[in-house]
Amino acid sequence: MDELVDRFELARNRVDSFFMDLMNGTNQEFVDEAFKVLDLNKADVENKLIRINEEVNPFNPEQMGHNASKKIIYKAILTMMWEDKMADNTSD
1 MDELVDRFEL ARNRVDSFFM DLMNGTNQEF VDEAFKVLDL NKADVENKLI
51 RINEEVNPFN PEQMGHNASK KIIYKAILTM MWEDKMADNT SD
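In my numbering, the protein residues as written are 1 to 92.
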């Protein structure tokens with residue numbers, strides 16, 4: 001059981017690191033590889049994320065937690081896209 005928990009924790013940490021790298025523009029090699037593995041166009045995805053985030057979560061300098069909201073929005077949208085992509089790959 002401990003091994004399963006350790007593997008889950010490792011996966012969770014990698015996913016969180018990915019989202020922070022994507023949002024902050026850091027560790028681009030890792031981010032690019034994730035998009036490549038899932039056969040998603042990074043530029044298209046980023047443009048969609050930016051557009052949706054601006055509509056749902058407009059920037060207000062006085063607002064607390066803007067980046068936390070942005071991370072939640074990005075994570076939700078990317079998770080849905082990846083689930084769809086993975087489902088497509090398993091039906092072949």
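We put the CB at the ideal spot given by N, CA and C, even for glycine. All of these numbers come straight from a predicted model, not from anything done at the bench.
Next item on the list: Put residue 63 into one of helix, strand or coil per three-state DSSP.
Entry: To locate residue 63, count along the sequence shown from 1; it is residue 63. Coil at residue 63, not helix or strand.
Next item on the list: Identify the continuous alpha helix (DSSP H) that holds residue 49 and give its terminal residues.
Entry: Counting from 1 along the sequence shown, the entry for residue 49 is found at position 49. Residues 42 to 56.
Note to self: Three Cβ pairs or more, each shorter than 8 Å: is that satisfied between the region 72 to 83 and the region 43 to 56?
What the structure shows: yes
Checklist line | Inter-residue spacing [alpha-carbon to alpha-carbon] between residue 73 and residue 53 | finding: Position 73 of the sequence shown, counted from the start, is the residue given in the question as residue 73. Position 53 of the sequence shown, counted from the start, is the residue given in the question as residue 53. Whole-angstrom Cα-Cα distance: 7 Å.
Next item on the list: Verify whether the separation of the beta carbon atoms of residue 18 and residue 37 is less than 8 Å.
Entry: Counted from its first residue, the sequence shown places residue 18 at position 18. Counted from its first residue, the sequence shown places residue 37 at position 37. Contact: no.
Note to self: Given this structure, state the Cα-to-Cα distance separating residue 40 from residue 84, to the nearest angstrom.
What the structure shows: Taking the sequence shown and counting its residues from 1, one reaches residue 40 at position 40. Taking the sequence shown and counting its residues from 1, one reaches residue 84 at position 84. Near 11 Å, if we compare the C-alpha coordinates of residue 84 and residue 40.
Check: Is residue 26 near the ligand SAM, with its Cβ less than 7 Å from a heavy atom?
Finding: Annotation note on the ligand SAM: not contained in the displayed structure, which lists no ligands.
Check: When you compare each of 27, 15, 29 and 23 to residue 50 by their alpha carbons, which one comes out closest?
Finding: To locate residue 50, count along the sequence shown from 1; it is residue 50. The alpha carbon of residue 50 has as its nearest neighbour, out of 27, 15, 29 and 23, the alpha carbon of 23.
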